[in-house]
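Q: From first to last, the protein sequence lines are chains A and B.
The opening residue of the first sequence carries number 413 in my numbering; numbering runs sequentially from there.
The opening residue of the second sequence carries number 413 in my numbering; numbering runs sequentially from there.
Note that the Cβ used here is the ideal one computed from N, Cα and C, for glycine as well.
Can you keep this structure in mind? I'll have questions shortly.
There are 2 protein chains.
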Amino acid sequence: MNDHVSHMLNTDSIEQKWSDGEREIVRATYRVMVEHGYSNLSISKIAGELGKTKAAVYYHYDSKEELLVSFLDFVVDWFKNDIAEEISESPETALNNVVESLIPLELDDETFHGQVVLLELRSQTRRSEEFRERFTEINDLLVGIVRDIIERGVEAGAFRDVEAPRVAEHIVATANGARIDRVTTDRPAAPAAVRVSLSSYIDSELRQHD
Amino acid sequence: MNDHVSHMLNTDSIEQKWSDGEREIVRATYRVMVEHGYSNLSISKIAGELGKTKAAVYYHYDSKEELLVSFLDFVVDWFKNDIAEEISESPETALNNVVESLIPLELDDETFHGQVVLLELRSQTRRSEEFRERFTEINDLLVGIVRDIIERGVEAGAFRDVEAPRVAEHIVATANGARIDRVTTDRPAAPAAVRVSLSSYIDSELRQHD
DNA sequence: GTCTATAAGGTGATAGAC
DNA sequence: GTCTATCACCTTATAGAC
């Protein structure tokens, strides 16, 4: 979660902008989650992180649930901006960049804890339809980016004429599996192994060999 | 979570067997989790499910944490029995069976909720080293099974001479990613797409073509 | 082994003053 | 917008009787 919540992809970025108060609360929420985990998140802790009281939080949000959905909206937006950076390159390097950023070789502590928090939230999908919608959107976005890169490569003649949607689902599923493995187990060699195997899969499946 | 906790793989199965009381509590814990989710699990609910009181639970376990770790030990044992069934077949069909059981085409409600519960627990890895150890063991087991199948196939000449550990990591990561996608999003077509792509990957990467 | 009763504390949320 | 004060509720966990 970084700081460039500056420009949006869509034009509807102006209407649904959040108020300063909401933005501060969501940022504080994220910091509390990184430190204590989602399951130990409370309105009191958020208020403490803000330097205000619980009632101040409840002025902006009617319930904890509403706050959490708002938090997920921030995540989706951040996601849109973050992965949009990759797609300007050529298909080959774009796909490479995506794989590298989805399965990084190392993770600093804060990113690590951020990933765990997102997994905790993802596991709360039974809580509400709104939760489910947000994570559906995130996965759709990710698969869409990869699919577009592949289709672009096929059109340009750089990739073989594969079924882009299927291969995209495969790549994203593999990356997600590797990412979750990393943050929930002590298997330090696993992510790199997956990345190597995934790269070689991409190479043999997509690259034009004469 | 089914009923055949009958025979164990290892010989140390006799010593660390659980008492009847513990077994009943863990089973009740599982039922409560399937119904209410891990994050709404409480000792009161477990006791209610048992038809006893909280104090009866605390007679068997000193803390909720200890109960949860014990629950995970049951999961690991169940896992050992469950996946051990696949490995008796020939390498080709064994690998096929593993993929099919890791990415099933349909899930009944209870299995679905059980998967979500396991994901919730997995996301609690920051809670303790003991949690982390259990999920490390589960992933190691899974990768080990797949690796063994591949190595067996390579020795028998059925598979090409690939790096079994790497390919095994790839397959398991993909399957895990697909499984988590399924239970946390509304993307009904995704699991089948991953399964098809994964199968074709296995076919082109492993199968001996002359 | 299981019970009742209780302690001590955190939780989400609200009312009303400023 | 933010505060204090409070509510009703649920939680983990223990003491002591049976």
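Quick check on D573/A - is its C-beta less than 9 Å from some C-beta in chain B?
A: So no, D573/A is outside the interface.
Q: In its own chain, which residues sit with a C-beta less than 8 Å from the C-beta of R443/A, not counting the 5 before and 5 after it?
A: So the list reads E461, once near-sequence residues are dropped.
Q: For A590/A, which option in A576/A, V608/A and D489/A has the closest C-alpha, if you only look at C-alpha atoms?
A: With distances taken between Cα atoms, A590/A lies closest to V608/A.
Q: Using DSSP bridges, identify the partner residues of F364/B.
A: In the structure displayed, chain B extends from 413 to 622; residue 364/B sits before or after that span and is not available.
Q: Grab me the residues of L484/B's own chain with a C-beta within less than 6 Å of its C-beta, minus the 5 sequence neighbours each way, in chain order.
A: Cβ within range, chain order: R546.
Q: What residue from N452/B, E549/B, I515/B and G565/B has the CA that sits closest to A587/B's CA?
A: Closest by alpha carbon: I515/B.
Q: For T537/B and E532/A, I'd like the C-alpha separation in whole angstroms.
A: Their Cα atoms are separated by approximately 10 Å.
Q: Please go through the region 446 to 485 of chain B and give each complete alpha helix (DSSP H) segment of 4 or more residues, from N-terminal end onward.
A: Taking only runs of at least 4 residues, the alpha helix (DSSP H) segments lying wholly in the region 446 to 485 of chain B are 455 to 462 and 466 to 472.
Q: Taking DSSP as the reference, what is the three-state secondary structure of R539/A?
A: Here R539/A sits in coil by DSSP.
Q: Do you know how far the Cα of R564/B is from the Cα of N508/A?
A: Looking at the two C-alpha atoms, the distance is approximately 32 Å.
Q: If we cut at 9 Å on Cβ distances, does D593/B have a partner in chain A?
A: Yes, D593/B counts as interfacial toward chain A.
Q: Under 9 Å, Cβ to Cβ, is there at least one residue of chain A near R534/B?
A: Judged by the 9 Å Cβ criterion, R534/B is in contact with chain A.
Q: Does Y450/A have its Cβ less than 9 Å from a Cβ in chain B?
A: Interface residue, yes.
Q: Determine the contact status of A470/A and S482/A, defining contact as a CB-CB distance below 9 Å.
A: First, the amino acid is wrong: residue 470/A is Tyr here, not Ala. Not closer than 9 Å, so no.
Q: Could you give the distance in angstroms between the alpha-carbon of S616/B and the alpha-carbon of I583/A?
A: Taking the straight line joining both Cα atoms gives about 16 Å.
Q: Could you check where the alpha helix (DSSP H) with Q527/B kicks off and where it finishes?
A: First-last of the alpha helix (DSSP H) with Q527/B: D521 to R534.
Q: Can you list, in chain order, the residues of its chain with a C-beta nearer than 8 Å to that of F543/B? Leave out the 5 residues immediately preceding and following it.
A: Same-chain partners within the cutoff: L480, V481, L484, L533, Q536 and T537.
Q: Who are F571/B's beta bridge partners in DSSP?
A: R619/B, per the DSSP bridge assignment.
Q: Under 8 Å Cβ to Cβ from I426/B, same chain only, skipping five residues before and after it: list those, please.
A: Because the pLDDT at I426/B is just 49, under 50, the model does not fix this residue reliably, and the point stays unresolved.
Q: With L453/A and F491/A assumed to form a contact (beta carbons below 8 Å), what rounded beta-carbon distance in angstroms separates them?
A: Not a contact, Cβ separation roughly 20 Å.
Q: Flag P412/A as yes if its beta-carbon sits less than 9 Å from any beta-carbon of chain B, otherwise no.
A: Because chain A is modelled from 413 through 622, residue 412/A falls outside the range shown and cannot be assessed.
Q: Using a C-beta cutoff of 9 Å, does R630/A count as contacting chain B?
A: A query on residue 630/A cannot be resolved here, the shown segment of chain A reaching from 413 to 622 and no further.
Q: I want to see whether chain B comes within less than 9 Å of F547/A, judged by CB atoms only; does it?
A: F547/A counts as touching chain B.
Q: Check whether the Cβ of T537/A lies closer than 9 Å to any Cβ atom in chain B.
A: Closer than 9 Å to some Cβ of chain B, the Cβ of T537/A qualifies, so yes.
Q: Between R539/A, D494/A and E522/A, which lies nearest to H448/A when the distance is taken from Cα to Cα?
A: Ranking the options by Cα distance to H448/A, first place goes to E522/A.
Q: For the region 594 to 613 of chain A, which residues have a beta carbon sitting closer than 8 Å to at least one beta carbon of chain B?
A: The residues in question are V595, T596, T597, D598, R599, A602, A605, V606, V608, S609, L610 and Y613.
Q: Please return the same chain residues whose Cβ sits closer than 8 Å to the Cβ of P503/B, not counting the five positions on each side in sequence.
A: Closer than 8 Å at Cβ, skipping near neighbours: I561, I562, R564, G565, A568, A570 and F571.
Q: Between the C-alpha atoms of V555/A and V574/B, what's the straight-line distance to the nearest angstrom?
A: If you take the alpha carbons of V555/A and V574/B, they lie about 28 Å apart.
Q: Hey, does Q620/B have any beta-carbon neighbour from chain A nearer than 9 Å?
A: False, the Cβ-Cβ gap to chain A never drops below 9 Å.
Q: Need the endpoints of the alpha helix (DSSP H) that I623/B sits in, please.
A: Residue 623/B is absent from the model: chain B starts at 413 and stops at 622.
Q: Quick one, are the C-beta atoms of V487/A and L530/A less than 9 Å apart?
A: Result yes, Cβ atoms of V487/A and L530/A sit closer than 9 Å.
Q: Should L618/B go down as buried or exposed, given a rule of 16 or more other Cβ atoms within 10 Å for buried?
A: Buried is the call here.
Q: For chain B, find out if any of its Cβ atoms is closer than 9 Å to the Cβ of T441/A; answer yes or no.
A: So, not an interface residue.
Q: With a threshold of 16 other CB atoms inside 10 Å of the CB of D593/A, please say whether the residue is buried or exposed.
A: Buried, since its Cβ has 16 or more Cβ neighbours within 10 Å.
Q: Going by C-alpha distance, which of E541/B, K464/B and V558/B is nearest S500/B?
A: Comparing Cα-Cα distances from S500/B to each of E541/B, K464/B and V558/B, the minimum goes to V558/B.
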